[in-house]
Amino acid sequence: MFRTVAAVLLVSTALAGTAAHAQAPAPAAPPVKAAPLSALVAPVDIPYEKFTLPNGLTVITHTDRKAPIVAVSVWYDVGSKHEPEGKTGFAHLFEHLMFNGSENAPGDFFDPLRSIGATDLNGTTSYDRTNYFETVPKPALDRALFLESDRMGYLLGAVTQGVLDEQRGVVQNEKRQGDNQPYGLVRYKMTEGIFPQGHPYRHSVIGSMADLDAASLEDVKNWFRGHYGPNNAVLVLAGDIDAKEARPLVEKYFGKIAKGPESVLPKITVPTLGAPVREVMKDNVAATMIMKVWPVPGLNDPDSPALDVAMSAFGGLASSRLDNELVKKDKLAVQVSAGVQSLSQAGMLIVRAIVRPGVKTEVVEAKLDQMIADYLRTGPTADEVARVATTQVSGTIGGLESVGGFGGKAVTLASGQLYSNDPGFYKKELNALATMTPDRARAAAQKWMSRPAYTLIVENGQREGYEEAKAVAAAPAAPAAEVPFKGTRGAMPGVADSGAALQFPKVTHSRLSNGMELVYAQRTAVPVTQVSMVFDAGTAADVAGKLGTAGMTLALIDEGTTTRNSIAMAEAKEKLGMSMSGGNSPDQTTIGFEVPSANLTSATGLFADVLRNPAFDANELERVRGQVLAQIGQQRTNPQGLADMTLPPLLYGTDSPYAKLAAGVGDPAAVMAMKRDDLVAWRGAWLRPDKAKVFVVSDRPLAEVQAALNASLGNWQATGAAGTKRFPAQRATTAPKIVLVDRPNSPQSLIVAGQMTPVQAKSDTLAATTANTVLGSGFLSRINMDLREAKHWSYGAGGGYRLMENAVPYVISAPVQADKTGASIASLREQINGFLGKNGVTPVEFRRTIDGETRQLAGTYETSGAVLAAMRNNDFLGRPDDYQATLPQKYRALTTAQLDAAARATIDPNRFVYVVVGDAKVVRPQLDGLGLPVEVVSATPATAPTPAK
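Going left to right, the sequence shown walks through residues 6 to 954 as this note's numbering numbers them.
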């Protein structure tokens, strides 16, 4: 089962779940040939230079000339662990405040960053640190450094009571949005269960509603003064730059910022529970979750890498002990996981199991306890340790293609410096992986897991009372001293146009021996190959009356072949460091893989085995059926899942193949009755070479890639009749209305609005989609700026065109606090009517949009994954291979009038149908004044269907 399919169950918990595989016997297949681990580790290198300014700012540079971009990453040594009692959530609140302008760059920071073409732009807060990052075209580096230095050294004059109240509201809606998910309150219970009162890691990063309510303007200013000086920060510049270029720029922008107080690490010990603790928690969930947690040492402790390996073998690999026993053999659980959440000064070892519906919780818990005890005696095998190491090293290699973002090279260097005083700490981690022994892994697991555990059981039922925010009293008028300062550093640096700097690789078309088209591009930044086989199928090709057949086929296709059972298949992929993925979009089915190129030949052999020889074993079918039914139940407890089930028939009409999207993972009755022959038939009609194209991005030359694919797929031939899709000539039109899906006790409402448009996916949509960057796409869109920044009723909202082959709807999504649901719909209508009426694209919005879209191209297509997605998208939409290279000229040719005309021709403000998922007793009275008919429907009960024994 591909991880993308299985991820539904644990979407709102901290660790992703693992895939599951059965143990049906199969004829022995020849062992896969894999490159030695040392050959994978050797090329991993991030050369860097480091210097420190007199004010204490640590600066690290890394040179990567593959694209004319520079990643800017600033890490502050302040996180939630530094927060005293009564001030929880301050570090995260300040992350938001520092995006809201500074003394010399007033207004939202996303505005100047958007106009320079910044990509991978964000900020995050954790228990240990706060970071800000963006990747910018090299000509925009001066502006990025100006902005980062201004919020470091010249911020407080811009922090007003209004800004504080605005971002307080945004953060509280971010909290509501997370809390509103199934299992959404687990994160609080987990840390409170293992860390004692007063421990710095006990409270959540986002903080409590009460502490956020109580935060005064002087509180937050004092928090900044105490923690955000240059001597408590690390600045990393990675990309088209070197230390010689960087030093004068950093000195120019950061050199005059005064030192602040030194950050003091809180005293943190790893606690040991005096006795096992067990709690039961009620939540709106479809399947019971068992979670066991132990406090463990932080990432610098010698036991940390050993614990990581031990837990990956126990419950992290696709072939883990937990999967093999609980999911496959005994079928007691539908999903399992084990892993370590490593923090700087401590960590959490977490083992989870999602109980198979119909199975008693105590049976699974007893089995889990037995397996833990057995594992502490035996530990992992040498083969398990080697597969863990290969899998993790492969993931590291792929992640280092990017210079910035959430996990690229700048992050690796900054985290090493901040947490371990060593930018090259990643090499120590890789060496620990490469030299790990079973005995070390077992000893670490025995040392820490033999201590008392905290156990949390989450079962279906009504949640306890939810802690809501209180209305914050209006602050008195600010004295003159609180008026934002006038700038003292002059204007922001200008930015030269760099749109022509896009370096999109040449795309080559050829064919395999069986005639299948091969679309190839070469990228040499990392020794990795990505392959994506795209079939003309998708959810629209699902079987009417048996919805879920397409999804079940994908869920089972890599669960064993005629020569390898599912465990053997999983182990073979792990030995190669190969990750395989698959999924259904409305129009296409995709199956692909990523692998270190040293193992390309063996990986294509496994890939071909999955495509050509799936066993669809009966025992596997029963096990996966239970997993999919649990996913269906979980989808029906999730606000987004409920909206996704409700909107498609309203948009497309019940007779359209796209109405099948409403089934989500599948129709439970159909999945319950599904037989092996159904899967074999669907695979034969749709997953066949005459319906496929293969897209590849690799560092290896075309000839080598083509030879590897030909060796395993070149003689693959289609047999039998191919499947066909039929769409009605007329698209359905639903009269405007509101459908309210009653989900009791929801602290937020999810508003989803949609309408069909006359847009053709394969037409020139650039003017319409560019206009939508102003209305609904991105942080600075009118919809988001209104609901999030102006009104702070939402953590984020937006809308856009969904380019499907036979329909292009425009869909808006807006999660909002429950008591503002009706007002939010009214605000959405006001924004849309204004934009499509007299308040079209302004000159400022136009210039910012065109500059941003043009300048961001080099950063947008930095990675192989982005190039692969663009190749597939160009093919699907009938665009030329060099479409991305033509975009600067196309954008510069657009006019404000064209954007306005495109939006007005494709969106009708009076034709939206609204789906609202929320608590009807709170929401229904708010909808009466909107002038639309309201239909109230019940959310599906949370109990997941139970397969027959």
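Even for Gly, the Cβ is constructed at its ideal location relative to N, Cα and C.
On a predicted model such as this, the values are computed, not experimentally measured, just so you know.
Start and end residues, alpha helix (DSSP H) containing residue i
{"i": "residue 956", "result": "Because the chain spans 6 through 954 in this model, residue 956 falls outside it and cannot be assessed."}
{"i": "residue 80", "result": "No alpha helix (DSSP H) holds residue 80; the beta strand (DSSP E) holding it covers 74-81."}
{"i": "residue 679", "result": "Unbroken run through residue 679: none, as it is neither H nor E."}
{"i": "residue 166", "result": "166-184"}
{"i": "residue 593", "result": "Element bounds for residue 593: n/a, residue is neither H nor E."}
{"i": "residue 830", "result": "826-841"}
{"i": "residue 907", "result": "901-911"}
Residue i, DSSP secondary structure in three states
{"i": "residue 292", "result": "coil"}
{"i": "residue 153", "result": "helix"}
{"i": "residue 299", "result": "strand"}
{"i": "residue 269", "result": "coil"}
{"i": "residue 944", "result": "coil"}
{"i": "residue 357", "result": "strand"}
{"i": "residue 865", "result": "helix"}
{"i": "residue 747", "result": "strand"}
{"i": "residue 619", "result": "strand"}
{"i": "residue 487", "result": "Unreliable positioning characterises residue 487 in this predicted model, as indicated by a pLDDT of 49, which lies under 50. A coordinate reading is not provided."}
{"i": "residue 720", "result": "coil"}
{"i": "residue 377", "result": "helix"}
{"i": "residue 424", "result": "helix"}
{"i": "residue 287", "result": "strand"}
{"i": "residue 695", "result": "helix"}
{"i": "residue 136", "result": "strand"}
{"i": "residue 346", "result": "strand"}
Residue i, enclosing beta strand (DSSP E) - first and last residue
{"i": "residue 461", "result": "459-465"}
{"i": "residue 240", "result": "238-244"}
{"i": "residue 815", "result": "814-822"}
{"i": "residue 56", "result": "54-57"}
Buried/exposed call for residue i, threshold 16 Cβ in 10 Å
{"i": "residue 263", "result": "exposed"}
{"i": "residue 900", "result": "exposed"}
{"i": "residue 284", "result": "exposed"}
{"i": "residue 529", "result": "exposed"}
{"i": "residue 514", "result": "exposed"}
{"i": "residue 484", "result": "Low confidence applies to residue 484: its pLDDT is 41, below 50, so where it sits in the model is not reliable, and the reading given next is rough at best. Flag for residue 484 reads exposed."}
{"i": "residue 680", "result": "exposed"}
{"i": "residue 351", "result": "buried"}
Residue i vs residue j beta-carbon contact at 7 Å
{"i": "residue 644", "j": "residue 471", "result": "no"}
{"i": "residue 497", "j": "residue 259", "result": "no"}
{"i": "residue 106", "j": "residue 44", "result": "no"}
{"i": "residue 166", "j": "residue 126", "result": "no"}
{"i": "residue 959", "j": "residue 552", "result": "Because the chain in this structure spans residues 6 to 954, residue 959 falls outside the shown range and cannot be described."}
{"i": "residue 694", "j": "residue 716", "result": "no"}
{"i": "residue 137", "j": "residue 49", "result": "no"}
{"i": "residue 904", "j": "residue 772", "result": "yes"}
{"i": "residue 589", "j": "residue 543", "result": "yes"}
{"i": "residue 802", "j": "residue 788", "result": "yes"}
{"i": "residue 816", "j": "residue 759", "result": "yes"}
Whole-angstrom distance between residue j and residue i, CA atom to CA atom
{"i": "residue 267", "j": "residue 119", "result": "33 Å"}
{"i": "residue 761", "j": "residue 915", "result": "12 Å"}
{"i": "residue 829", "j": "residue 836", "result": "10 Å"}
{"i": "residue 408", "j": "residue 241", "result": "10 Å"}
{"i": "residue 668", "j": "residue 404", "result": "34 Å"}
{"i": "residue 83", "j": "residue 421", "result": "15 Å"}
{"i": "residue 244", "j": "residue 795", "result": "36 Å"}
{"i": "residue 393", "j": "residue 437", "result": "12 Å"}
{"i": "residue 579", "j": "residue 71", "result": "30 Å"}
{"i": "residue 172", "j": "residue 826", "result": "19 Å"}
{"i": "residue 22", "j": "residue 798", "result": "No answer about residue 22 holds up, because its pLDDT of 31 lies below 50 and its placement is not dependable."}
{"i": "residue 27", "j": "residue 631", "result": "Model confidence at residue 27 stands at a pLDDT of 37, short of 50, so the residue's coordinates are unreliable; what they give is reported in the following sentence. If I take the Cα positions, the gap works out to 13 Å."}
{"i": "residue 888", "j": "residue 860", "result": "16 Å"}
{"i": "residue 235", "j": "residue 186", "result": "38 Å"}
{"i": "residue 487", "j": "residue 207", "result": "Confidence at residue 487 is low in this model, with a pLDDT of 49, below 50, so the placement of that residue is unreliable and no value is reported for it."}
{"i": "residue 558", "j": "residue 597", "result": "15 Å"}
{"i": "residue 704", "j": "residue 600", "result": "11 Å"}
{"i": "residue 51", "j": "residue 67", "result": "7 Å"}
Neighbour flag for residue i against chain C, beta carbons, 7 Å
{"i": "residue 438", "result": "Checking the listed chains, one finds no chain C in this structure; it contains a single protein chain."}
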